[in-house]
Structures are given as C-alpha cells and as structure tokens.
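Enquirer:
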Amino acid sequence: MGKQAIQQQKIVCVKCGIYLTPGKVTLSYMGSTFPVELYKCAQCGLVYIPEDLARGKMQQVEESLEDK
Amino acid sequence: MDQKLLREREARCVQENPPGCTAGCPIHVDVRGMVAAILKGDYEAGVTLFEKMVPFPGIISRVCDQPCQKACKRKEIDDPISINALEKICVDSKHTPKPVVGLPEKNKKVAVVGAGLSGLTCAFDLARKGYKVVVFEASGVLGGSIRDITESKLPREIIEKDFAVFDQLPVEFEFNVVIESQGSSSRSFIGLRESFDAVYLGIGCKEQNALDLRVALDGNIAIDPVTLATSHPKVFAGGRLRRGCEERAPVTSIADGRSAAISIDRLMQNASLTANREKEGPFVSTLFTNTKGIERENKVPIIDLANGYSKEEAEAEAKRCLLCECRECVKACEYLAHYGSYPKRYVREVYNNLSIVMGIHHANKMINTCNLCGLCEQVCPGNLNMGEICREARQMMVERGKMPPSAHDFALRDMRFSTGDNFALSRHQAGFTASNVAFYPGCQHAASSPEQVKKMYQFLCDKLDGGVALMLGCCGAPANWAGQEALFQETLQKFEQEWRKLGSPKVITSCPTCFSMFQQNLPELQVEMLWTLLDRIGLPDKATTSTFARRKFAVHDSCTTRYEAALHKSVRNILGKLGYEIEELPRSRENTVCCGYGGLMIYTNKDVAHKVINRRIKESDTDYLAYCAMCRDNFASQGKRAFYLLDLLFGDEKKTGDEKDVPGYSQRQENRARLKRSLLREVWGETVQEPETEVKVIIPDRVRQIMEDRMILVDDVIKVIAHAEATGNKLKDSESNRYIAYFRPVSVTYWVEYSSQEDGFLVHNAYCHRIEILE
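These protein sequences, in sequence, are chains A and B.
So that you can map any letter, position 53 of the first sequence is 53 in our numbering, and since no number is skipped, the others follow by simple counting.
Numbers in our numbering are just positions in the second sequence, counted from 1, shifted up by 1000.
(1) By how many angstroms is the C-alpha of M1396(B) removed from the C-alpha of N1371(B)?
(2) Chain A partners of Y1767(B), CB-CB under 7 Å?
(3) Among residues of its own chain, excluding the 5 on either side of L1103(B), which ones have a beta-carbon nearer than 8 Å to its beta-carbon?
(4) In terms of DSSP beta bridges, what is G1760(B) paired with?
(5) At the level of alpha carbons, what is the spacing between G1777(B) and S1570(B)?
(6) Which residues, in chain order, does the stretch 1388-1418 of chain B contribute to contact with chain A at a C-beta distance below 7 Å?
(7) Is it right to say N1352(B) is buried, meaning 16 or more other beta carbons lie within 10 angstroms of its own, or is it exposed?
(8) By the criterion of Cβ-Cβ separation under 9 Å, what are the contact partners of N1729(B) in chain A?
(9) Mind checking which residues open and close the beta strand (DSSP E) that includes A1626(B)?
(10) Taking 9 Å as the CB-CB limit, is G1359(B) close to chain A?
(11) For V1165(B) and V1135(B), which I take to be in contact (beta-carbon distance under 8 Å), what is that distance rounded to the nearest angstrom?
(12) Does Q59(A) come within less than 9 Å of chain D when only Cβ atoms are used?
(13) Judging by CA-CA distance, which residue of A1306(B), A1318(B), R1062(B), S1747(B) is the nearest neighbour of V1251(B)?
(14) Put I1740(B) into one of helix, strand or coil per three-state DSSP.
(15) Would you call the CB atoms of V1014(B) and F1432(B) closer than 9 Å?
(16) Checking 9 Å against the spacing of the C-beta atoms, do L1217(B) and V1235(B) come in under that value?
(17) Pull up the distance between the alpha-carbon of A1469(B) and that of S1510(B), whole angstroms please.
(18) Based on DSSP bridge pairs, tell me the residues matched to A1642(B).
(19) Out of curiosity, what's the CA-to-CA distance linking L27(A) and R1572(B)?
(20) Could you give the distance in angstroms between the alpha-carbon of E1694(B) and the alpha-carbon of A1722(B)?
(21) For V36(A) and K24(A), what's the separation of their Cα atoms in angstroms?
(22) Alpha carbon to alpha carbon, what distance is there between C1205(B) and I1254(B)?
(23) Below 8 Å, is the gap between the Cβ of M1711(B) and the nearest heavy atom of the ligand HEM?
(24) Quick one: what's got a C-beta closer than 7 Å to I1712(B)'s C-beta in the same chain, skipping five residues either side?
(25) Since L1354(B) is in the alpha helix (DSSP H), which residue starts that stretch and which ends it?
(26) How long is the line joining the alpha carbons of G1114(B) and L1120(B), rounded to whole angstroms?
(27) Kindly indicate if chain A contains any beta-carbon less than 9 Å away from that of I1712(B).
(28) Can you pull the DSSP bridge partners for R1427(B)?
(29) Per the DSSP calculation, K1506(B) is bridged to which residue(s)?
(30) Can you tell me where the beta strand (DSSP E) with E1528(B) in it begins and where it stops?
(31) Along the alpha helix (DSSP H) that carries L38(A), what are the first and last residues, could you check?
(32) Our contact map puts E1619(B) next to P1586(B) with C-beta atoms below 8 Å; I'd like the distance itself, whole angstroms only.
(33) Are any of the Cβ atoms in chain A nearer than 9 Å to that of W1751(B)?
(34) Taking only beta-carbon positions, decide if E1735(B) is within less than 9 Å of chain A.
(35) Would T21(A) count as contacting chain B if we go by Cβ distances under 9 Å?
(36) Per DSSP, what kind of secondary structure is H1610(B) in: helix, strand or coil?
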C-alpha cells in the first residue's frame, strides 16, 4: 500500500464520525466526465483529494483538457 | 487571420531570408552554412553544402569571381570575408566525388552547343533529370575558356576531376565539331533543331555565327534575361554569348546553364517558362543584420598563394563571418527567446493553432504568454507585432470557447473586484457640483500605494481649480489583454457612463496602462498622465524636502506608453527637479521592455514572466525608478530595489524599495477596498461600516506565500472555512487533528487544512483545482 493511501486511511468524516474508504467518484471538467476511485465518506459522500493529487495528476488532466 | 494575412505577416519577418552573400550568388551557395561548418571543423559538411549548388566544385573553388562579396554584410564594417578561399579549403580537405544519382531516362533529347561552363552545367542538370544530352564542342577538350586560366591557378587535374562526373551521366560528347550556321545537315543549326527537342547555345564569345535568330539592338542574339529563351521556341542561349567577353564570370556562366536547363525542362513538360523565377538569379536580400557594436577586424591574408588558407587561417577568417541573421526581436524579448524560434514560425504556429478543429492546441500557452508590449514591432525591420497577433488570437479563442479557463480567470476576477462596489467610486470634489478634471489612479496604483493616492488626490484638489473629481475602478485592461472583447467593452462603457455623469472632465491618471487604454479606446475622452501634469503645475511641497539622500535612479519606462515622448521627458524633469541623478537603461523610452505584467503574462506563465523581470533588473545595479506602480512592484518582488515615482514625491520613509513593500494579491484587494472606505469617510464625511468577516483566520507567512504562488486569496480561504463550519462538512486528519475542508465558490475548488484556535482558525495549507467533483 502506497504512502498516500496510508495517509488517506487516517482521514475521518467529522459529521459521520467514520474513516474514509475508497469509493467511486465522478470528476468533471470542460465537458468531460471521468469516474475515479477516491477516499470518501461511505455515508455522506464527502470526498478527500490530497494535495499531491490536486497539484499533480489532476492539474495535468486540467491542462490537457484545456488545450483540446 | 486568413491565409492572405498569414502570408503578409510571415513576409514581414525577414529572419528566413537568405544572407546577402547567398542572395548575391547567382547559384545561391549557402555560405553561412558552410562557414558554420568550418567553425565546427566539419569540412565535409562544408563541402557538401558547396557541392549541393555547384556542379564543378574544384573549378569554382579556385576561379569564382565572387559576386557574393559585394553583398557581404561585413563590408559595412571592414572587408568582406574571403568566401572563395574558404570554399577552396573545404574542397581541398574533403572533396571526394560522390556517385551522381539521376532520374530515370526520359524520351527527350537535348543538344548543347559548346562545352564551356554554361553548356556543361546545362548538360549536367538536364542529364541528371533524365534527358539524353549530346554536347557538340568545336575543340577537342571540355571547359571552354577556363582552359585559358593558368595552370598554377587552376591545375588541369582539378578540371579533369570535376568533369569526370560526366562518366556517370547519359551525356554524349562530339568533339571537334563546328555547328554550321548555314544549310540543313545534321551538323547544322537547323539540323539540330530538327533532330533534338531543344537546343542550348553556349558557344562563348569567340564565335559569332550568323544564326537565324532575332537579334537585339546591339546586334547580339536577343535573349530573355530570365528564361534565356531566344526567338526560336526550342532554342536557348547563355554564358559569354549573352554577357560578352569583357569579364570572366564563371559562376554566372554556371547560373546561365542552370537557368537554361530549368527552361528546357519546363518546355518539355509544357509548363510556364516564366512563373516563379524571381529569385533564381542573384537578388538583394531583405535580411536585416544588426552590425552595431561589431569591431573592425582585418581579413586573414592568404600567405601561401598556391595552397590557400591553412585550417587555422580558415577558422580565423570564418570567425569574421557575421553568420547573418536578424533576430532583433528575439534578442530584445525574453518571451520570444523562450519559445526557441522567431516570429515567422510563431505566426504560423498561431495560425495553425486557430485552425485546429480536433486535436491538441499546442500554441495556447505561447499565445497567452506574450506581454503584448509592442517591443518586437519597434525593433523589427518589417514592424511585425507579435502582440497584436497574440491578442487577436486570444479574442478568437474566447469567441470560439477555446480559451483555457485557467488562463485569465484569476486576473479577470481581480478586475471584477475593482469594477465592483468594493472599489469603484466616482465623486465630485467634496463641496463641488462640477468637475474640471478627474483623478483616476487605476486599480494597481491604489492596490500598491493607497496612502499615496489619498495624498495625491488632496494635492490635486489644493492645486487645481474648478473641482477635481475622483474615480476609482479598472480601465478594463485585463479583459482587453485576455481577449475578452465583450467584457472589455462593457467595462469601458461603465467607466464612460460614470465619466459623463461627472460632466466629461479631463482625466488625469497615474497609470500608463489606463492612459493607453483610454487614449486608444475612448477618442472623446481627454486624458493626461499625472507626471506631465506635475511637471507643468509643480511638485508637492514636501517633495523638495525629500528624506531620500541625493542619489541616482535608473529610469524604467512603461511599455504601454513607449511612444509618449513628452511623458518620458516629464518623468526625467521631475527627477531632475528633485535633485536626483538619472541613469538611462540600455532599453528605454520607445525601446523599453515590459516589467512582466503586461498581457497578463504573470498570471498565465509565471516562469517566463520571472525571466522577463530578472533580465530587466539585471540591466543595472542602480536602484530603479518606475512611474507605474505595477512595474515597480514586479521588480521589487524579484529582489531589485525599486521605487515608484510617488515614493520620491511624498518622501515616504517607510518605502524601502524592497520586496517587503510588495503587497500580495489579497492585500492588493484589501488595499483598494480600504482606500475607498477611508476616502468616503475622510473626504466626503460618510459613515462607512467596516465589513464583518465571517470567520477570523490566522495565516502564517509561509502559508501566505503558498497561497500567493497558487493564486488563492484570503477571501477564498475564509469562504472554505465558513462553509465547513456552517455545514459541518469537513474532514479531519486523525493523526494531526487538523481539519480539511473544500468549497467551490464558482469555478475553482479550494481546499484548506486548518485548526481551531481560541481567537479564530489557524490555516496550515491551501490548494486548489479546477476539476469539479460531481458526486
């Protein structure tokens, strides 16, 4: 298990009081939607996007969609 | 930009035009390429370039009459470079005849009369194209008049080595044959015309046979200078027959043979003899090469007359070559240099980028990075303005919905802040119902130095009669630069309405960009820069008792007012009145460079903007003086001591000139909003409530810097925390006990890591993305 996943396992949804677990999330940008697996609250659906992901892969995807 | 405009724009960039030597050479030898090869010690590459154009390299490398030298740029400084001597060393060191590859044989026959250089070139070129060629020569040898050149200058084995190429080509030679001008035998002129598909006459100047061709006024055969056609459709003529015998011009003879071969080939294919032949022979190139600052350097003499240059000598002479190219704009502009090419290519890239329907728009970033400063146009010999092209491209991208949303979003939101209620203001002077002038400090001056805006407004009210209105807002430049034409017009109209409500007073602005936007887009509005006004009406009293020590400043002129000579003069006058010494930067006034803010470059491509800033601030060790607050802030942000002209006028001791004075994005908005509130209270005596923040946040400097780099405002962070605390939608890292929350006000999702403190929330980190979380 990667370092990032271990870190994400420690994230709790404050409202529901449960640990986040991997689940299906739909992301969307510039008219494209893509299903991804992210840590989220199994109860209320609150999602966690870690900084590395937001500033890494997600930014790359944003840039390539913007240039399409 | 349609195809026609594209071509017109491409043609303005002269960078790809050949150097003078190549253009002046009748067969266009790539001298620059050859010299570059010599400089690398690669003589083989040198000879390859030479051979590419020259059919008989050994001969020409020894006897060329060098028309190229007349066009050598070096001539403007001292002597042209010794091109033929450099060709000789290339040929002598590396020339080994290579196999000639010709096209498949064609069913057409050409007669060449005369085996001089022009006839042999014609035969060589046509044979390579697959024509069957028969050369008729009156003597028993090939070469014609080159045989008159002394053996020491042109060794016979060189001639034989060059002509050995004909062993590989479908060329037949008939020696000791004189073509009769009369009669119709197979060895007569008429006979040749009948039995061959075309005839080339390269009979030199010795024979002036009375052929039955039309003659010109001078009694010589009439020959078309471009096609070398005679009055008979099958017959072409050139070489010394055309030129006369006064001068030896071997390379021109070769060019004639080549032109005739092209004409004959076209004739055989029923193609136009005349189309697109403008640059076949020698021409004057429009390539510009700046020779400023190049020092005189003597030509390397040829000491060994028989053998020519040694390699050391050749390399020394090659170093004198200017390797002519233009690149004036690329040398001047960090942005143009960054993309590794030059405008002719860039224009094409922009055009292609706009033409793509499906696929990746590779030039988006390039188009959006230009600072639109107009320096390229100023230094370009063809006045090509990349800024104009990039701005127009941005407009089209916006119109077609192809503008990347991230490019200008932040800057445009900042603009909306300035045109909104938090900042926009339009008032007559307190106690007045009409205004003679209106002071318009612009959004960035107000953001950088709000206190100075207040002081300057007070000064103008004291000094000028007839009422001085104050107008706060934004001129719309960010929308203009972003290609958002509709938003720009809307912003401008809103400003215009307010200005008309004030009675259309003359506008005094301290911002060069506002000045240029108004001047270019609102023809009815009279606008003046604050600096020319101050030069005229006198400086604030305090200015003359400035707390600054007497010292020197290097003046940075703003790019948006590069052609405002009166402004440049006034700024220098003001500095003079204050007792400062002035240093002129290498690029100033109409040649000034952008500070890195223009065109929204700093938002779209921070790396290039920083390169631009860093290049500018390294031009002098002297402290800089700018008369645009934004220019000043950009220099200071990268560690250059820089002052804004009002820092000197008001003798503000708090201004240190360094980056500590540079407010971040959030602070800039805060400064504008506070300025409006305090002016309303202090000048117009209104009661204005301080806005209540939803939550109180504590942001350490480290985090503040992160937010600045990621273009996240304090206000964005507050919104996230307020939303999380109000809804309870927040996460918690069970190890660090920090909350993590996200919120998307409009088009960006902001994430904040924070913890509660007694008096508010401590922010640990913030980041953002544009991708939307749907479920």
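We treat Cβ as the ideally placed atom computed from N, Cα and C, and that holds for glycine.
Computed from a predicted structure; not experimentally measured.
Expert: According to the structure shown:
(1) 17 Å
(2) Correct list: E51, A54, R55.
(3) R1128, K1129, G1130
(4) Q1757(B)
(5) For residue 1777(B) there is no data in the structure shown, the boundaries of chain B being 1001 and 1775.
(6) P1404, P1405, S1406
(7) exposed
(8) C13, V14, K15, C44, L46
(9) For A1626(B), the enclosing beta strand (DSSP E) has its first and last residue at 1624-1626.
(10) For G1359(B), the answer is yes, since a Cβ of chain A falls inside 9 Å of its Cβ.
(11) So it is not a contact: roughly 13 Å between Cβ atoms.
(12) Among the protein chains of the structure shown, namely A and B, there is no chain D.
(13) R1062(B)
(14) strand
(15) no
(16) no
(17) 14 Å
(18) Y1624(B)
(19) Spanning the alpha carbons of L27(A) and R1572(B) requires a straight line of approximately 56 Å.
(20) 6 Å
(21) Cα-Cα distance, rounded: 6 Å.
(22) Taking the CA atoms as reference points, I1254(B) sits about 15 Å from C1205(B).
(23) Among the components of this structure there are no ligands whatsoever, and the ligand HEM is therefore not found.
(24) Y1750, A1766, C1768
(25) Taken as a continuous stretch (DSSP letters only), the alpha helix (DSSP H) holding L1354(B) covers 1343-1355.
(26) 8 Å
(27) no
(28) Partner(s): L1470(B).
(29) V1437(B)
(30) 1527-1529
(31) Note, L38(A): premise wrong, no alpha helix (DSSP H); beta strand (DSSP E) at 32-40.
(32) E1619(B) to P1586(B), Cβ: 6 Å. Contact.
(33) Closer than 9 Å to the CB of W1751(B) there is at least one CB belonging to chain A.
(34) E1735(B) counts as touching chain A.
(35) no
(36) helix
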